[in-house]
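One structure below.
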Amino acid sequence: MSKTILIVEDQQVLREIMKEYLVDEGYHVVEAGDGKQALATFQEHEVDLIILDIMLPEVDGWSVCRRIRKTSSVPILMLTSRSDEDDTLLGFELGADDYVVKPCSPPILLARVKRLLGGQHRHHSRETLSGGAIMLNLPSRSVTINGLPCNLTHTEFEILACLMGSKGMIFTREQLITKIWGYEFAGDERTLSSHIRNLRSKLGEHADHIVTVIRTGYKFEDNA
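Numbers given in this note's numbering equal positions in the sequence shown, counted from 1, plus 321.
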């Protein structure tokens with residue numbers, strides 16, 4: 322069954338170009354030309370990924386992202402025509418998983434889409450990972466803490482799975498960025514820091530399992 326992607330972009334020509342490439346790759350595409358329509362369309366369809374422009378009529382992309390994150394962990398790929406890094410950092414703070422700068426080449430867009438829809442840890446020999454009260458299930462992409470669900474975004478899940486899959490191993494920031502986003506990622510270490518901060522917030526009192534190694538990176542410790 323093909324994945325459904327919601328494209329939220331007010332420029333119809335750009336929206337049609339993205340749609341054409343995605344449909345050619347076998348995806349089912351639904352569209353919205355403004356933020357208000359995006360929220361309505363998201364409620365009407367079972368969406369697997371959202372491509373979300375920041376600058377939108379009616380309701381801006383940040384507000385759309387914020388509202389969707391209240392109820393869903395669907396992967397969100399943000400589009401921005403600005404070079405201002407604060408735009409992308411705010412998007413990550415609100416729960417976006419990745420971003421591309423417009424105009425973006427179709428191959429780069431497709432690579433980002435496939436990464437977000439595919440997941441990075443399906444090759445792992447174990448289906449579940451555990452550490453303290455945290456239990457992570459790879460096939461269902463779910464996390465529980467003391468048996469209660471912990472709702473993580475796609476990227477937060479990938480980071481946690483990477484760290485828990487190699488407990489005690491120190492991952493440099495560069496290694497984590499490459500594992501999570503790939504070599505073509507255009508962001509910087511602040512992007513990773515933002516996601517780590519969000520992840521720790523959701524883990525609550527168990528956040529200290531993720532240990533910061535000064536001037537190096539991060540690791541997961543069982544006995545936090």
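The beta carbon of each residue, even a glycine, is placed where N, CA and C say it ideally should be.
Remember, it's a predicted structure, so these values are computed and weren't measured experimentally.
Taking the Cα positions, ILE328 is about 43 angstroms away from ASN544. In this model, SER487 and LEU398 are separated by some 27 angstroms (Cα to Cα).
When the beta-carbon positions are compared, HIS527 and ALA454 come within less than 7 angstroms of each other.
Less than 7 angstroms divides the Cβ of GLY452 from the Cβ of MET485.
Annotation: the continuous alpha helix (DSSP H) that includes TYR342 extends over 333-345. Burial check for ARG447: the Cβ neighbour count within 10 Å stays below 16, so the residue is exposed. The beta carbon of PRO460 sits closer than 7 angstroms to those of GLU448, all from its chain and outside the five residues before and after it, given in chain order.
Per DSSP, the continuous alpha helix (DSSP H) segment holding GLU477 begins and ends at 475-486. Between GLU341 and LYS357, the C-beta gap is not smaller than 7 angstroms, which leaves the two residues out of contact. Taking C-alpha positions only, LEU335 is separated from GLU542 by approximately 46 angstroms.
Between the beta-carbon of ASN519 and that of GLU479 there is about 13 angstroms, and that puts the pair past the 8 angstroms contact cut. Our two residues, LEU370 and PHE492, have alpha carbons roughly 28 angstroms apart in a direct line. Here ASN544 carries a coil assignment [DSSP, helix/strand/coil].
Take the alpha-carbon of GLU367 and the one of ASP345: they are about 20 angstroms apart.
Nearest C-alpha to PRO470 among LEU481, MET456 and ALA482: MET456.
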